[in-house]
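See structure below.
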Amino acid sequence: MSAPTSSRPLPWRRRLLRGALVALVMVFMAALVLLPLAAVFVEALRKGVVAFAVAVAQPETRASIRLTLLVAVIAVPLNLVFGVAAAWAMTRFQFRGKALLGAFIDLPFSVSPVVAGLVYVLLFGAPGWFGPWLSAHGITLIFAVPGLVLATVFVTLPFVARELIALMQAQGSEEEEAARTLGASGWQMFFRVTLPNIRWALLYGVLLCNARAMGEFGAVSVVSGHIRGLTTTMPLEVEMRYNEYDYMGAFAVASLLGLLALVTLVVKALLEWRYGHELAARTARGH
Amino acid sequence: MAYRRRVLPGFGLSLGYALAYLGLIVLLPMAALAWQAALDVGGWLRLVHTPRTLAALKLSFGGAVAAALFNVLAGLLVTWVLVRYRFAGRRLFDALVDLPFALPTAVAGIALTAVYAPNGWVGQYLAPLGITVAYTPLGVWVAMVFVGFPYVVRTLQPVLETLDRDVEEAAESLGATRVQTFVRVIAPALAPTLLTGFALAMARAVGEYGSVIFIAGNIPMRSEIAPLLIVQKLEQFDYAGAAALGTVMLAFSLLLLVAVSLLQRWSGRWAERAA
Chain G
88 MSAPTSSRPL
98 PWRRRLLRGA
108 LVALVMVFMA
118 ALVLLPLAAV
128 FVEALRKGVV
138 AFAVAVAQPE
148 TRASIRLTLL
158 VAVIAVPLNL
168 VFGVAAAWAM
178 TRFQFRGKAL
188 LGAFIDLPFS
198 VSPVVAGLVY
208 VLLFGAPGWF
218 GPWLSAHGIT
228 LIFAVPGLVL
238 ATVFVTLPFV
248 ARELIALMQA
258 QGSEEEEAAR
268 TLGASGWQMF
278 FRVTLPNIRW
288 ALLYGVLLCN
298 ARAMGEFGAV
308 SVVSGHIRGL
318 TTTMPLEVEM
328 RYNEYDYMGA
338 FAVASLLGLL
348 ALVTLVVKAL
358 LEWRYGHELA
368 ARTARGH
Chain E
21 MAYRRRVLPG
31 FGLSLGYALA
41 YLGLIVLLPM
51 AALAWQAALD
61 VGGWLRLVHT
71 PRTLAALKLS
81 FGGAVAAALF
91 NVLAGLLVTW
101 VLVRYRFAGR
111 RLFDALVDLP
121 FALPTAVAGI
131 ALTAVYAPNG
141 WVGQYLAPLG
151 ITVAYTPLGV
161 WVAMVFVGFP
171 YVVRTLQPVL
181 ETLDRDVEEA
191 AESLGATRVQ
201 TFVRVIAPAL
211 APTLLTGFAL
221 AMARAVGEYG
231 SVIFIAGNIP
241 MRSEIAPLLI
251 VQKLEQFDYA
261 GAAALGTVML
271 AFSLLLLVAV
281 SLLQRWSGRW
291 AERAA
């Protein structure tokens with residue numbers, strides 16, 4: 088083989104083809120991704136900044152923001168602890184049924200969000216398995232905040248675990264074994280060796296988990312019951328306003344979620360750029 | 021293994037906690053759904069076998085296949101351009117690929133409707149051409165393309181990045197045209213990955229709810245998707261009907277999950293053999 092292809096000047100026909108392909112991709116992505124993104128913010132500000140501020144300051148909006156934050160604050164740490172535990176077991180030990188466990192961890196990603204909500208209604212709703220017992224004891228899970236948390240935990244379960252399993256598999260356990268051999272206790276090893284090694288991947292997983300937790304719609308829609316001010320998270324507030332023909336209000340709330348998505352993407356890109364080598368390889372990550 | 025277990029602590033605690041958590045959050049509820057359907061298979065079939073339900077299932081599955089097919093082609097093109105070419109704004113476009121992952125589905129739904137409705141940003145120019153996107157099956161397809169698109173790109177990207185260019189150059193130096201090189205050398209190497217991307221994009225599109233329902237218009241027998249029918253049945257307290265339809269969707273999800281893991285094993289072996 089002689090000189091690499093790239094050092095030769097490209098023939099004009101191939102340059103033309105390249106230009107055409109790049110232009111095609113730009114037009115496609117503009118139509119599919121950029122225009123809808125722009126639409127969110129333009130429609131939110133269509134009647135001016137004041138109308139936007141009024142829509143955001145409404146008590147229902149503020150209640151939905153509080154509820155969204157509350158659900159995320161509970162669901163994300165739960166899945167963080169699960170992710171660390173699952174990744175530790177999956178990457179540091181050999182046991183039977185490991186592949187199956189990995190498949191089950193991925194399961195919530197391939198289940199329709201509506202089905203995710205449905206299973207909880209069937210379990211805890213009035214006619215469900217535990218429904219009569221729950222109502223006899225005065226406990227409401229469905230059409231209440233606990234149901235929203237459960238549904239959110241379900242759909243965001245794999246994010247942290249997936250990221251950590253891929254990274255810890257690649258890192259191996261030599262450093263941890265060394266720490267143990269040198270006399271560190273289990274928790275000392277975890278906090279001084281494991282945690283510093285996985286911190287950026289952990290943050291990365293939490294970032295994606297949080298974005299989905301705050302933006303989840305289908306699963307929470309099924310278990311919410313849409314009680315204004317009590318069980319409507321921000322995505323549900325968007326839907327209710329839209330269905331009430333309050334388009335500007337719907338887009339005002341939607342633009343807040345759009346901002347969250349943009350911030351998530353920026354932080355994600357920063358993490359990939361700055362700590363890419365401390366994150367799992369970019370393979371079929373999804374979501 | 022015995023050695024490792026002695027050196028590294030926490031096997032029982034971590035595995036026990038993970039299994040208990042997973043069992044309570046995922047497996048027990050799933051089992052409840054499957055149990056509900058298994059109790060009365062005849063009734064279950066009857067509930068699914070109505071014209072309206074069949075139409076919804078057909079739209080969800082047909083639309084998902086069509087969207088995933090399109091996404092494989094468009095995703096291949098976008099990934100190729102992002103990996104192989106250097107142009108202004110490349111990093112921005114690369115980051116934008118993830119937007120459908122990050123944007124909440126309800127937001128995507130009303131935004132796509134604002135763009136593609138007959139009086140919308142793009143829709144108003146399509147309407148005189150006789151193309152109606154929103155409130156038709158075409159609108160369902162657009163939303164499904166939107167949510168599935170990143171899966172193909174992000175599955176394909178790492179594979180295309182590590183694809184050995186020596187082989188391509190060898191093919192060209194031996195006189196293959198660009199098209200021949202693509203069809204004979206590049207496409208076979210990417211085939212398992214493309215299939216994985218297809219399955220992932222399709223799995224997402226079949227169950228998609230939030231981004232579809234706003235642009236779909238939800239006209240029964242025409243633009244009504246299966247997940248929406250589940251929601252409607254629940255709203256009418258038809259729990260058996262909702263469970264029946266939910267089981268169909270769940271069974272399909274499990275099938276696709278198995279398909280994806282088999283595909284990934286296959287492409288792993290493929291990569292080993294190529295190396």
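First to last, the protein sequences are chains G and E. Each number in my numbering comes from the position in the first sequence (counting from 1) with 87 added on. Each number in my numbering comes from the position in the second sequence (counting from 1) with 20 added on. Note that the Cβ used here is the ideal one computed from N, Cα and C, for glycine as well. Computed from a prediction, not measured in an experiment: that's the story for all the values here.
Range covered by the alpha helix (DSSP H) that runs through residue i
i	result
Pro240 (chain E)	It is not in any alpha helix (DSSP H) - Pro240 (chain E) carries neither H nor E in the DSSP assignment.
Gln252 (chain E)	Ala246 to Glu255
Pro29 (chain E)	Neither: Pro29 (chain E) is in no alpha helix (DSSP H) and is coded neither H nor E.
Tyr171 (chain E)	Pro157 to Thr182
Leu146 (chain E)	Gly143 to Leu146
Asn297 (chain G)	Leu282 to Gly302
Asp114 (chain E)	Arg110 to Leu116
Val7 (chain E)	There is simply no residue 7 (chain E) to check, as chain E begins at 21 and stops at 295 in what is shown.
Gly129 (chain E)	Thr125 to Tyr136
Arg224 (chain E)	Ala207 to Gly227
Ile192 (chain G)	Lys185 to Ser197
Ser222 (chain G)	Gly218 to Ala223
Gly297 (chain E)	Since the first residue of chain E shown is 21 and the last is 295, residue 297 (chain E) is not available in this structure.
C-beta neighbour in chain E for residue i, strict 9 angstroms
i	result
Lys355 (chain G)	yes
Pro164 (chain G)	no
Trp175 (chain G)	yes
Arg241 (chain G)	Before going further, note that residue 241 (chain G) is Phe rather than Arg in the sequence given. Phe241 (chain G) counts as touching chain E.
Pro91 (chain G)	With a pLDDT of only 47 at Pro91 (chain G), under the threshold of 50, the placement of this residue in the model should not be trusted; the figure read from the coordinates follows. Closer than 9 angstroms: yes.
Phe338 (chain G)	yes
Phe230 (chain G)	no
Leu207 (chain G)	The sequence shown places Tyr at residue 207 (chain G), rather than the Leu named in the question. At least one chain E Cβ lies under 9 angstroms of Tyr207 (chain G).
Ile226 (chain G)	no
Ala341 (chain G)	yes
Val201 (chain G)	yes
Thr318 (chain G)	no
Gly305 (chain G)	yes
Ser222 (chain G)	no
Gly292 (chain G)	no
Exposed unless 16 or more other CB atoms sit within 10 angstroms - verdict on residue i
i	result
Asp118 (chain E)	buried
Met164 (chain E)	buried
Ile239 (chain E)	exposed
Gly234 (chain G)	buried
Arg249 (chain G)	buried
Lys355 (chain G)	buried
Leu145 (chain E)	Note that residue 145 (chain E) is Tyr in the sequence shown, not Leu. Tyr145 (chain E) should be labelled exposed.
Gly82 (chain E)	exposed
Pro157 (chain E)	buried
Phe257 (chain E)	exposed
Val61 (chain E)	exposed
Asn330 (chain G)	exposed
Arg183 (chain G)	exposed
Val171 (chain G)	buried
Asn91 (chain E)	buried
Collapsed DSSP secondary structure at residue i in the structure displayed
i	result
Thr40 (chain E)	In the sequence as presented, Thr is not what sits at residue 40 (chain E); that position holds Ala. Helix.
Phe180 (chain G)	coil
Ile252 (chain G)	helix
Tyr105 (chain E)	coil
Gly363 (chain G)	helix
Asp186 (chain E)	helix
Arg133 (chain G)	coil
Arg328 (chain G)	helix
Phe241 (chain G)	helix
Leu260 (chain G)	Checking the sequence shown, residue 260 (chain G) turns out to be Ser, not Leu. The answer is coil: DSSP assigns Ser260 (chain G) none of H, G, I, E or B.
Arg100 (chain G)	helix
Asn91 (chain E)	helix
Gln145 (chain G)	coil
Met21 (chain E)	Low per-residue confidence applies at Met21 (chain E): pLDDT is 46, beneath 50, and the placement is therefore not dependable, though the value from the model is reported in the following sentence. In the structure shown, Met21 (chain E) sits in coil (DSSP, three-state: anything other than H, G, I, E or B).
Leu315 (chain G)	Checking the displayed sequence, the identity of residue 315 (chain G) turns out to be Arg instead of Leu. DSSP places Arg315 (chain G) in coil when its eight states are reduced to three.
Gly106 (chain G)	helix
Residue-level contact to chain G via CB, residue i, 9 angstroms cutoff
i	result
Gly155 (chain E)	Reading off the sequence shown, one finds Tyr at residue 155 (chain E), where the question assumed Gly. So no, Tyr155 (chain E) is outside the interface.
Val103 (chain E)	no
Leu116 (chain E)	yes
Tyr81 (chain E)	Checking the sequence shown, residue 81 (chain E) turns out to be Phe, not Tyr. No, Phe81 (chain E) lies away from the interface with chain G (no Cβ there is under 9 angstroms from its Cβ).
Ala295 (chain E)	With a pLDDT of 49 at Ala295 (chain E), under the threshold of 50, the predicted position of this residue should be treated as unreliable, though the coordinate-derived value follows. So, not an interface residue.
Arg198 (chain E)	yes
Contact test: residue i Cβ vs the ligand SAH heavy atom, cutoff 8 angstroms
i	result
Leu124 (chain G)	Absence of the ligand SAH is noted for the structure shown, with no ligands found whatsoever.
With a threshold of 8 angstroms, are at least 3 pairs of Cβ atoms found where one atom belongs to the stretch 199-219 of chain G and the other to the stretch 283-293 of chain G? no
For the pair the stretch 302-319 of chain G and the stretch 116-130 of chain E, tell me if three or more CB-CB distances fall below 8 angstroms. yes
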